[in-house]
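Working notes, structure below.
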Amino acid sequence: MKRSWSFYNSGSGFSNANTGPGVQHNNNAAGPQYNNCNFHGSPCSVTDQEREKQEKDQQCLKHLRLTDPRDDKVRIERTKGGLLRNLYRWVLNNADYQQWRDDPQHRLLWIKGDPGKGKTMLLCGIINELDQGDTANARHCNVAYFFCQATDSRINNATAVLRGLIYLLSNQQPSILSHVRSEYDRAGEGLFKDANTWDALSRIFTNILRDPSLRTTYLVIDALDECVTTDLPQLLDLIAQQSSRSSRVKWIVSSRNWPQIEKGLKRATTKLNVSLELNAKSVATAVDAFIRYKVDELEELKEYNLATKNVVHDYLHSNAQDTFLWVALVCQALADLEVEEWHVEGILHMFPPGLDALYARMKQDISLSQDSDLCKDILAITAIVHRPISLHELATLVELPNNIRNNPKSLEAIIRLCGSFLTLRERTIYFVHQSAKDFLLGNASDKAGNQASLETFKWIFPSGKEDVHYTIFSRSRDAMSATLRRDIYGLRAPGFPSDKVQAPNPDPLAKVRYSCVYWVDHLRDSVSGTNTKGHDHLRDEKVVHEFIETKYLYWLEALSLLQAMPAGVVAIRKLEGLLTLEGHSHYVFSVAFSPDGQRLASCSDNETIKIWDPASGSCLRTLEGHSGSVTSVVFSPDGQRLASGSWDNTIKIWDPASGSCLRTLEGHSGRVSSVVFSPDGQRLASGSWDNTIKIWDPASGSYLQTLKGHSGSVTSVAFSPDGQRLASGSQRLASGSRDNTIKIWDPASGSCLQTLEGHSRPVISVAFSPDGQRLASGSDDDTILGSYLQTLKGHSGSVTSVAFSPDGQRLASGSYDHTIKIWDPASGSCLQTLEGHSGFVYSVAFSPNSQRLASGSRDNTIKIWDPASGSCLQTIPTMVEASILLDRISGLFLGGAWVSQHTCSSVATATWSSVV
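Following this line, the structure appears as structure tokens:
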């Protein structure tokens, strides 16, 4: 069966009769407003050309719109109990805020503080002050804003932020929409949805901010800490760059006190800070005002007498610790219809001071309840789904008793049993605050609550998150298999326009909406980390193959009806990556993590470099340009560049984000076997079969220095952590090294400071300890030299790779004897011998936290080990096993159109190693 659908992403306008301060939105259509004309010729005529332009503008804005931040602001203010001017007016008198507002030289204001301190409502108030509706001021300025929300995948990423800001700017000053149209007219809706969307929107956004006609503009972004970690660096970089360029554009951002955000904003030379902790007195005054407001509400709702009112006020005042959220959660409990006045004191004492202490108490109460297991399952599911789910969707993902599953009131009651972690809005489940989700996931906001948070994580995820991800996948697959069918909405005519589709009542897709879009994500997440069962699931044909074989086209039909076809395309690519456990078609010589651990680079004998997402195993980019085997890759310390060395005698510098080659460094007369950046990223060293090391300026590509002294090919180079000394090990890579030595150089002068002799055969690998005080080397003589003093013996074959753990406490070595050994570098004793590979071990690498070790072998597998116990936690299946299943399924992917010959690896762990 083949069905043709018209895929159409509908958008809707914003309609809100706002009676409070701020801009008034009384418009029923998205896009620029032409208030003096209508499309019926009165009171002024519109030419066909003008009408066509207006219609195209509307279409462009409809596709640009992911969310309307004005809607989000109204929702946030409503769910937080309304915006009171007394809660934010203190910041209007703050010296740093006033300097930012009045001084053209200060263009970025960072408001930072701990969870629950009222940052979001503070920004809502500032937005209202900056945007005074139809006053004279507002006609001369733009106020665009965006509220990040980690629990909602639509609005938790950098691309969504730009779409929201551009959308509001285009509504407020329609002329700047031309910058969007210039690219939209060429690319269409795909401009906002393909792999290059961030780059395209960044370019459009930059052009808007440079537009001479742009009015004074205020840009506000709330909760940077709720932007996904993979996107946060590029968003911070854009803010830092753009905030330093134009005095007509001013920025306000808010976040928790995260060092990575502070570091990312350091380059903004015009930045001011408002720390809520340093303004504790002002925050305390605002919290007191909030307490008085909430107590007055309770008095009216519950008809408290004066004594009860005073008891509530005094307890809140004494225990709030200047935290709005804590006050709101306590008052929410007191407002419950079942709480009588004589219960009040008992209820109050159930709420200890501090958010994490409160969450710990809530968890304890749940664990003692009659429905503990059910609440635990619900909390586990809601903590890891990719967007908030509806009650209908919850009934699909959680195993519920039959008398609850189809009873809306019972479902709502179950959510209430989950303490104050969750809340319901319009039959959709949300966390009361990001800090509540963090607590459940073991990421408490303060050190005091960390132990309770970790215990809670183990309580709701006793076998790890992977098992819950697999449960979501499995129940999603079963629900879709039972639900999806041909013409599920009864439209009868293939190609029925999507904008004309109306869901039946009841909607047969209501329970599987989430499942249709995210089932592949949860399958992927079930095989990441150290969970070995996930790979067994993938080997089982029934897990995926039967669903694809019987329901694939019905699934595509459902995605079209749900306006989610782009998500389906992404899902297919992810599934392709999961089922193809090989990316390079030849030996993999080298792997390297980016500094933030979010990307992995690998290079191969097939002349390519691949950039991977280590969390999903998906291939992000393939870099092509070398004409020989690529033997070494390394990220720059800031992660903005990637260097590669090749047997074509060249080094290439790449932009890992775009995949473009920035420059090619030529100068070696032999194969380049190793490349490494200096710790400050200002220099690049390369070792070659021409027996030399060259020092380069990677920014300009100019050659600075040639270090000569080896009488054999140089195949391993490593800067010491302080960047002042460079160690180079020489070896025989194809034919062997002729000098068996290690040399210590001064890279600035090019002089050789020391020659280390001791190996009796070629040196294959060198590595500095994290403190720079020790150097380890592996050799063809089956030994490792460490600390310049010790010889570590135990291998019965060549030692091909050595690596210190990041904490410096252990040294790992891989060998041709098929084993990995873990050593104590201080004493030289062998702590563990890891056995399991059936071929040469070519590379070993520790995870950033030193808790895992990855090894790559000629047996075509990667193994993940616990270096402390020596146990093998995971073996990545071979390419052959995976390809059998992929071959069976690929014929269903529209004749193989979705599957390429050399696809991306699903290896998704905390650590990686090269496989040869």
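According to our numbering, the residues represented by the sequence shown are 581 to 1496, in order.
Built from N, CA and C at the ideal position, the CB exists for glycine as well.
If you're wondering where the values come from, they're calculated on a predicted model, not measured in any experiment.
Beta carbon of residue i nearer than 8 angstroms to that of residue j
| i | j | result |
| --- | --- | --- |
| Asn1320 | Ser1293 | no |
| Gly698 | Ala900 | no |
| Asp945 | Val978 | no |
| Phe1299 | Val1252 | no |
| Thr976 | Ala1059 | yes |
| Glu769 | His893 | no |
| Ser1435 | Gly1388 | no |
Residue i (DSSP reduced to helix, strand or coil)
| i | result |
| --- | --- |
| Trp1445 | strand |
| Gly1225 | strand |
| Thr627 | coil |
| Ser947 | helix |
| Ser1367 | Residue placement at Ser1367 cannot be trusted, given a pLDDT of 46 that sits under 50; the coordinates are not used to answer. |
| Trp1234 | strand |
| Ala724 | strand |
| Phe1076 | coil |
| Glu920 | coil |
| Lys697 | coil |
| Arg790 | helix |
| Leu852 | strand |
| Ala730 | coil |
| Thr1335 | strand |
| Ala740 | helix |
| Ser1293 | coil |
| Ser1041 | In the sequence as displayed, the identity of residue 1041 is Phe instead of Ser. Note: Phe1041 maps to coil in three-state DSSP. |
| Val1107 | coil |
| Arg838 | It is Trp, not Arg, that sits at residue 838 in the sequence shown. Trp838: coil per DSSP, three-state reduction. |
| Cys1241 | strand |
| Ser1254 | strand |
Whole-angstrom distance between residue j and residue i, CA atom to CA atom
| i | j | result |
| --- | --- | --- |
| Leu991 | Ile984 | 6 angstroms |
| Lys1274 | Phe1420 | 31 angstroms |
| Gln729 | Phe772 | 20 angstroms |
| Tyr1422 | His1398 | 9 angstroms |
| Ser562 | Leu1180 | No information on residue 562 is available, as it lies outside the stretch 581 to 1496 that the chain covers here. |
| Leu928 | Leu1034 | 26 angstroms |
| Tyr798 | Val741 | 14 angstroms |
| Leu1200 | Gly1022 | 29 angstroms |
| Ser1331 | Val1297 | 15 angstroms |
| Gly661 | Val1092 | 32 angstroms |
| Gly1281 | Ile1191 | 22 angstroms |
| Lys830 | Leu703 | 14 angstroms |
Identified DSSP bridge partners for residue i
| i | result |
| --- | --- |
| Ile1275 | Ala1265 and Gln1285 |
| Leu1180 | Phe1173 and Trp1192 |
| Cys1410 | Trp1403 |
| Thr797 | Asn722 and Val829 |
| Arg1201 | Ile1191 |
| Ser1207 | Paired residues: none, contrary to the question. |
| Ala1392 | Ala1383 and Ile1402 |
| Thr1003 | Tyr1010 |
| Ala1356 | Ala1347 |
| Ser1212 | Gly1225 |
Outcome for residue i when other beta-carbon atoms lying within 10 angstroms are tallied against a minimum of 16
| i | result |
| --- | --- |
| Pro968 | buried |
| Asn708 | buried |
| Ser556 | The question about residue 556 has no answer here: the residues shown for the chain are numbered 581 through 1496. |
| Gln1311 | Residue confidence for Gln1311 is low, a pLDDT of 32 falling below 50, so the modelled location carries little weight; the figure read from the coordinates is stated next. Counting Cβ neighbours within 10 Å, Gln1311 comes out buried, since at least 16 surround it. |
| Gly1225 | buried |
| Ala775 | exposed |
| Asn1085 | exposed |
| Arg1354 | buried |
| Gln821 | exposed |
| His923 | exposed |
| Val861 | Going by the sequence as given, residue 861 is Lys instead of Val. Exposed: under 16 other Cβ atoms inside 10 Å. |
| Gln1517 | With the chain covering only 581 through 1496, there is no way to say anything about residue 1517. |
| Leu896 | buried |
| Asn737 | buried |
| Ser827 | exposed |
| Asp802 | buried |
| Ala1347 | buried |
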